[in-house]
Amino acid sequence: MSYQDFISQTEAQYGISLPNLYKRLAADGMLDWGEAGRNWYSDTFPKLLEHPPLLLVGSEFELPHTDELQEINEQLCDDSEWMSLKPEYRGKLIAFAEAGNGDYYAFDYRQEGEPCITRLYHDDFSVVEAANLADFIFRRLLQAQADYFPEEDTSPEDYRGQLFAQLESHRPYLSAEQYEFLRQTYQKPYQKDQWGGLFMLSDEETKAAEQQFISCERLDEEFEPFDYD
């Protein structure tokens, strides 16, 4: 199923309007991570790095194919499924990505207007990640500076290069100020945390940047949308 078909079917099925930025990303080919499989990292990932699609570089974000997304959203409304939304949230939380650990990222239509972005945790309270898709993209690009770990196959400087490649492919979806802040951030020297992970900004600096660029009253708001009984 094409993304255009997925968008139109999802809007009709749940009576919602998906964000214009999401539709733009689909039209720009930014939602295609290629065919999944055991050779994806060795064969597909290097090719995608030539023009990284949405949030390719970093951790805890994956874009499944549209058929899988449609199935995920149907399961979220199915009483027989373990992760079944409470009735009042069905059609209000529309999954568009995975975190790779059983969690989903969803467009959150609990309030009027443009949907915020919520992470649906499979083992904890769900959390509002951003006021909208544009802010979510910036926040993930910001957090990616701390997503390198020594056990990865790529070197720290190669990872830095991947961050810059991703920044350029995402430039059309960022403000000039956001782009420049990330460009300067990615140039910073690495620091090491107590577990050996590398980062460019401290937690305090990251939080300050979030408050500067994507301040949102509902940011990190928690709620429980699932009925596990």
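Using numbering that gives the first Met the number 0, the final residue of the sequence shown is 228, and nothing's skipped along the way. Where is the CB? At the ideal position from N, CA and C, for every residue including glycine.
Margin query: Tell me the DSSP secondary structure of F95 in three-state form.
Written below: strand
Check: Would the beta-carbon of G90 fall within 8 angstroms of that of Y13?
Finding: yes
Note to self: In whole angstroms, give me the CA-to-CA distance for W81 and L92.
What the structure shows: 16 angstroms
Checklist line | First and last residue of the uninterrupted beta strand (DSSP E) at Y104 | finding: Y103 to D107
Item checked: Cutoff 6 angstroms; reference M0; Cβ partners in own chain excluding five residues on either side -> Non-local beta-carbon contacts of M0 in its own chain, meaning distances under 6 angstroms to residues more than five positions away in sequence, involve T65 and D66 in chain order.
Checklist line | Beta bridge counterpart(s) of E61 as assigned by DSSP | finding: E97
Note to self: Here's the rule: buried if 16 or more other CB atoms are within 10 angstroms of the residue's CB, otherwise exposed. What is H169?
What the structure shows: buried
Next item on the list: With A26 as the anchor, note down where its beta strand (DSSP E) starts and where it stops.
Entry: Note, A26: premise wrong, no beta strand (DSSP E); alpha helix (DSSP H) at N19 to A26.
Notebook entry, point to check: Expressed to the nearest angstrom, what Euclidean distance is found between the alpha-carbon atoms of Y147 and E220?
Noted result: 27 angstroms
Check: By a C-beta neighbour count over all protein chains shown, 10 Å radius and 16 as the cutoff for buried, is N72 buried or exposed?
Finding: Flag for N72 reads buried.
Notebook entry, point to check: Grouping DSSP H, G and I as helix and E and B as strand, with all else coil, what is F198?
Noted result: Looking at F198 - three-state DSSP - the assignment turns out to be strand.
Note to self: Only counting the same chain, and skipping five residues up and downstream in sequence, which positions put a Cβ closer than 8 angstroms to that of P171?
What the structure shows: The answer, listed in chain order, is D27.
Item checked: Start-to-end residues for the alpha helix (DSSP H) that takes in I136 -> L132 to Q142
Next item on the list: Specify, as a first and last residue, the run of the beta strand (DSSP E) that T43 falls within.
Entry: Per DSSP, T43 belongs to no beta strand (DSSP E) and is neither H nor E.
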